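Enquirer:
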Amino acid sequence: MKRTDQGRGIRAIEVNGARELHFKTVQARRPPSARETVTKTATEGPSMQAFALPKEARNMPGTVRRAEVERREEVAVDGRHRCNNPNNPPCAQCGTVIIPAPKATLPLEDTPSISILDWTVTTRKKPILNSQELDDWDVLLAGLTLPEMIFGNSFVRVENKKEDWALEFNALDALRQVKLEDCGIRVSYAHKWIHSKREKQKETQELEDTSLNITHQYDWTYTTLYKGTVVGREMVRDDSVELPLEKLSRPDPILFYDDMILFEDELADNGISILNVKVRVMNECMLILSRFFLRVDDVLFRIVDTRVYVEFDSNRVIREFKQYESDYKSVFAKLRSTQGHDPKAGMRDSNWVVQNLKLLTRECHVLQL
C-alpha cells in the first residue's frame with residue numbers, strides 16, 4: 213500500500229542521527245584529557261533527556277531510549293537546591309535551570325521551577341489569551357477595555373509552603389488595579405483634534421455638544437500600582453528598610469532566571485504601555501522586579517517598579533515599591549545629549565529612562581517568617 217503521509221512531520225530518527233553526528237564532531241575537537249569527562253556528562257546528564265522519539269524508533273541502535281528521557285520529577289543539584297521540572301533540567305556544567313525548556317511542547321507552555329531550602333520559585337509562560345479567554349476576561353474586568361496583548365496564563369510565584377505564604381505576579385490581578393475613571397492624560401494632538409471637531413460642529417450643526425465627551429471612563433494608559441498578590445501573612449510597612457544592594461551586586465552564580473511580559477498595549481500608536489516581570493535566583497537570595505513602563509509620545513514617561521527580595525536562610529522578605537514620572541520633553545532633552553545615530557533609542561529602553569525620571573513615591577514592606 214502506498215503511504216499517503218510521506219513527507220509529513222519530523223523524521224525523528226534522522227534528526228537524532230544528526231544530533232549524534234554533531235556531538236561526535238564536537239567531542240573529537242576536545243583534548244583527550246577532557247574527552248572522557250565531557251562524554252560522561254553529556255550522555256548521562258539531563259541535557260540528553262530532551263528528545264522523545266516515536267515508538268518505532270526507540271529500540272533502534274543509536275537512538276535515545278525513553279528510559280533515558282523519563283527522569284524523576286525532582287532533579288537534585290546539590291543538598292541545598294533542586295530543579296522541580298524535568299522539562300527544564302539544570303545545566304550539567306553550572307547547575308543553572310535551562311529556560312526556555314530544551315524540549316518543545318504542544319500546546320506551548322514553559323513551567324520551570326526551583327526549590328532552595330523551604331522556598332520554591334515557579335514561573336509559567338503561555339501564549340496570549342485566545343478569543344474565548346478574552347470574552348471571559350471582559351466579564352471579569354467589566355468596564356475596562358482590554359489591552360492588545362494579555363499573557364493571562366503566565367505568572368511568577370515564590371512560596372514558602374512550610375510557612376503557608378506566597379507572593380505571585382499575574383496579569384489579571386494587575387489589570388484589576390487599573391482605575392475605571394478618566395486618567396486625565398491626552399495624546400499630544402488631542403487638543404488640536406477636539407478644537408477642529410468643535411469648529412466643524414459649529415459650521416455644520418450636525419453634532420451635539422455632548423458628542424465629543426468621553427463616554428467610556430477608564431485609564432487608557434493601563435497604569436497599575438500592582439505590588440503582587442500576597443497569600444498568607446501581610447507584610448508590614450517600614451520605609452527605613454533598604455534592599456541589600458551589596459548582596460545583590462555580588463557576582464554570585466544565577467541558578468534560575470526568567471523574564472516575561474504580562475500585558476502590553478501600543479496605545480493606538482501613541483506610545484507603549486507594558487508590564488514586565490523578571491526573576492533571578494542565587495544560592496542565598498532571590499530578586500523579583502515587576503516593572504510597568506508607560507510612554508505617551510510627546511506627553512510623559514511613567515515607571516512603576518516593585519522589587520521583592522527574599523533571603524532563604526533567614527526567611528526574610530523585603531518589598532520595595534517606587535513610582536517615577538517626568539514629562540516627555542525633559543527626558544528627551546537628556547537623551548539628545550547622550551545618544552548618537554538613533555536619538556530615540558533610549559525612549560524604548562526602560563533602564564535608561566528610569567535613571568532620568570523623577571522619583572515620586574517610595575514604600576517598603578518587610579516580613580519575617
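When we follow our numbering, the leftmost residue of the sequence shown carries the number 213, and every step to the right adds one. We put the beta carbon where it would ideally sit given N, CA and C, even for glycine. Just so you know, these numbers come straight off a predicted model, no measurement behind them.
Quick check on the DSSP output: what are the complete beta strand (DSSP E) runs of length 3 or more inside the stretch 294 to 324, in order along the chain?
Expert: Listed in chain order, there is nothing to give.
Enquirer: Given that a residue counts as buried once 16 or more other Cβ atoms are within 10 Å of its Cβ, and exposed if not, what is Val-565?
Expert: Taking the first residue of the sequence shown as 1, we reach residue 565 at position 353. So Val-565 ends up on the buried side.
Enquirer: Could you tell me the alpha carbon to alpha carbon distance between Leu-424 and Tyr-540, rounded to whole angstroms?
Expert: For the purposes of this step, residue 424 is identified with residue 212 of the sequence shown, where counting begins at 1. For the purposes of this step, residue 540 is identified with residue 328 of the sequence shown, where counting begins at 1. Low local confidence applies: a pLDDT of 45 at Leu-424 is under 50, so the model's placement there is unreliable, and no value is given.
Enquirer: Should Leu-499 and Tyr-469 be called a contact, given that it needs their Cβ atoms to be closer than 8 Å?
Expert: As a working mapping, residue 499 is identified with position 287 in the sequence shown. As a working mapping, residue 469 is identified with position 257 in the sequence shown. Against a cut-off of 8 Å, the Cβ pair of Tyr-469 and Leu-499 comes out as no contact.
Enquirer: Bridge partners of Arg-449, per DSSP?
Expert: Sequence index remark: in the sequence shown, residue 449 carries index 237 (1-based). Paired residues: His-577.
Enquirer: Given that a residue counts as buried once 16 or more other Cβ atoms are within 10 Å of its Cβ, and exposed if not, what is Glu-483?
Expert: Locating residue 483 in the sequence shown gives position 271, where the first residue counts as 1. Note on residue identity: the sequence assigns Gly, not Glu, to residue 483. Gly-483 should be labelled buried.
Enquirer: What are the residues that DSSP puts in a beta bridge with Phe-363?
Expert: Within the sequence shown, the letter at position 151 stands for residue 363. BP columns for Phe-363 are empty, so no partner.
Enquirer: Just checking my contact of His-293 with Leu-467 at CB under 8 Å: how many whole Å lie between their CB atoms?
Expert: Numbered from 1 along the sequence shown, position 81 holds the residue referred to as residue 293. Numbered from 1 along the sequence shown, position 255 holds the residue referred to as residue 467. At roughly 6 Å, the Cβ-Cβ gap stays under 8 Å, so His-293 and Leu-467 are in contact.
Enquirer: Using DSSP bridges, identify the partner residues of Tyr-521.
Expert: If you number the sequence shown from 1, residue 521 lands on position 309. Answer by DSSP bridge pairing, in chain order: Leu-499, Ile-530.
Enquirer: Let me know the secondary structure DSSP gives Asp-350 once reduced to three states.
Expert: The residue given as residue 350 occupies position 138 in the sequence shown. Three-state DSSP puts Asp-350 in a helix.
Enquirer: Report yes if the CB atom of Ser-485 is closer than 8 Å to the CB atom of Thr-433, and no otherwise.
Expert: Translated into positions along the sequence shown, residue 485 becomes position 273. Translated into positions along the sequence shown, residue 433 becomes position 221. Cβ atoms of Ser-485 and Thr-433: closer than 8 Å.
Enquirer: What is the C-beta distance between Thr-335 and Glu-380, in whole angstroms, given that I count them as a contact (C-beta under 8 Å)?
Expert: What you label residue 335 is simply residue 123 of the sequence shown in a count that begins at 1. What you label residue 380 is simply residue 168 of the sequence shown in a count that begins at 1. Actually they do not touch by this definition, with Cβ atoms about 10 Å apart.
Enquirer: Can you list, in chain order, the residues of its chain whose CB lies under 6 Å from that of Ala-279, leaving out five sequence neighbours each side?
Expert: Indexing the sequence shown from 1 puts residue 279 at position 67. Because Ala-279 sits at a pLDDT of 37, beneath the cut-off of 50, its placement in the model cannot be relied upon, and the point is left open.
Enquirer: Pick helix, strand or coil for Arg-344, following the three-state DSSP scheme.
Expert: Taking the first residue of the sequence shown as 1, we reach residue 344 at position 132. Reading off the sequence, residue 344 comes out as Gln, not Arg. Of the three classes helix, strand and coil, the one that applies to Gln-344 here is helix, per DSSP.
Enquirer: Kindly indicate which three-state DSSP category Asp-217 falls into: helix, strand or coil?
Expert: Taking the sequence shown and counting its residues from 1, one reaches residue 217 at position 5. Summary for Asp-217: the model assigns pLDDT 48, below 50, so the residue's position carries little reliability, and this model does not support an answer.
Enquirer: Determine the DSSP secondary structure at Asp-539, reduced to helix, strand or coil.
Expert: Numbered from 1 along the sequence shown, position 327 holds the residue referred to as residue 539. Strand, per DSSP.
Enquirer: Starting from the N-terminal side, write out each stretch of the alpha helix (DSSP H) that is 4 residues or longer and does not extend beyond the stretch 455 to 484.
Expert: DSSP runs (the alpha helix (DSSP H)) wholly in the stretch 455 to 484: 457 to 460.
Enquirer: Quick one: what's got a C-beta closer than 7 Å to Glu-256's C-beta in the same chain, skipping five residues either side?
Expert: To locate residue 256, count along the sequence shown from 1; it is residue 44. Note that Glu-256 scores 38 on pLDDT, short of 50, meaning its location in the model is unreliable and no value can be drawn from it.
Enquirer: With a CB to CB cut of under 8 Å and the five nearest residues on each side skipped, what residues in its chain are close to Leu-358?
Expert: Position 146 of the sequence shown, counted from the first residue, corresponds to residue 358. Excluding residues within five positions, the ones whose Cβ falls inside 8 Å are Leu-346, Trp-349, Asp-350, Leu-387.
Enquirer: Counting pairs of Cβ atoms below 8 Å between the stretch 313 to 331 and the stretch 449 to 464, do you hit three or more?
Expert: The stretch 313 to 331 vs the stretch 449 to 464: no contact.
Enquirer: For Asp-451, I'd like the list of residues in its chain whose CB is within less than 6 Å of its CB, leaving aside the five on either flank, ordered along the chain.
Expert: In the sequence shown, residue 451 corresponds to position 239, counting from 1. For Asp-451, where only same-chain residues beyond five positions count, the Cβ hits under 6 Å are Cys-576.
Enquirer: Measure from the alpha carbon of Lys-373 to the alpha carbon of each residue in Arg-445, Asp-554, Met-494, then state which is nearest.
Expert: As a position in the sequence shown, residue 373 is number 161, starting the count at 1. Minimum Cα distance to Lys-373 is reached at Arg-445.
Enquirer: Can you name the start and end residues of the beta strand (DSSP E) that Asn-568 belongs to?
Expert: Within the sequence shown, numbered from 1, the residue matching residue 568 stands at position 356. Asn-568 -> no beta strand (DSSP E), and no H or E assigned at all.
Enquirer: Compare the beta carbon distance of Met-494 and Asp-471 with 8 Å and say whether it is the shorter of the two.
Expert: Taking the first residue of the sequence shown as 1, we reach residue 494 at position 282. Taking the first residue of the sequence shown as 1, we reach residue 471 at position 259. The answer is no: Cβ separation not under 8 Å.
Enquirer: Given that a residue counts as buried once 16 or more other Cβ atoms are within 10 Å of its Cβ, and exposed if not, what is Gly-396?
Expert: Translated into positions along the sequence shown, residue 396 becomes position 184. Classification for Gly-396: exposed.
Enquirer: Pull up the distance between the alpha-carbon of Val-443 and that of Asn-568, whole angstroms please.
Expert: If you number the sequence shown from 1, residue 443 lands on position 231. If you number the sequence shown from 1, residue 568 lands on position 356. Computed Cα separation, rounded: 35 Å.
Enquirer: Within this structure, are the beta carbons of Leu-572 and Asn-527 separated by less than 8 Å?
Expert: Counted from its first residue, the sequence shown places residue 572 at position 360. Counted from its first residue, the sequence shown places residue 527 at position 315. No, the Cβ-Cβ distance between Leu-572 and Asn-527 is not below 8 Å.
Enquirer: May I have the straight-line CA-CA distance separating Leu-353 from Ala-383, to the nearest angstrom?
Expert: Here residue 353 is taken as the residue at index 141 of the sequence shown, counted from 1. Here residue 383 is taken as the residue at index 171 of the sequence shown, counted from 1. C-alpha separation (whole angstroms): 11 Å.
Enquirer: Check this for me: beta carbons of Lys-391 and Arg-531, under 8 Å apart or not?
Expert: The count along the sequence shown starts at 1 and reaches residue 391 at position 179. The count along the sequence shown starts at 1 and reaches residue 531 at position 319. No, they are not a contact pair.
Enquirer: Given a cut-off of 8 Å on the beta-carbon distance, is the pair Ile-310 and Asn-300 in contact?
Expert: If you number the sequence shown from 1, residue 310 lands on position 98. If you number the sequence shown from 1, residue 300 lands on position 88. Yes, they are a contact pair.
Enquirer: Check this for me: beta carbons of Val-578 and Val-516, under 8 Å apart or not?
Expert: Residue mapping note: residue 578 aligns to position 366 of the sequence shown, counting from 1. Residue mapping note: residue 516 aligns to position 304 of the sequence shown, counting from 1. No, the Cβ-Cβ distance between Val-578 and Val-516 is not below 8 Å.
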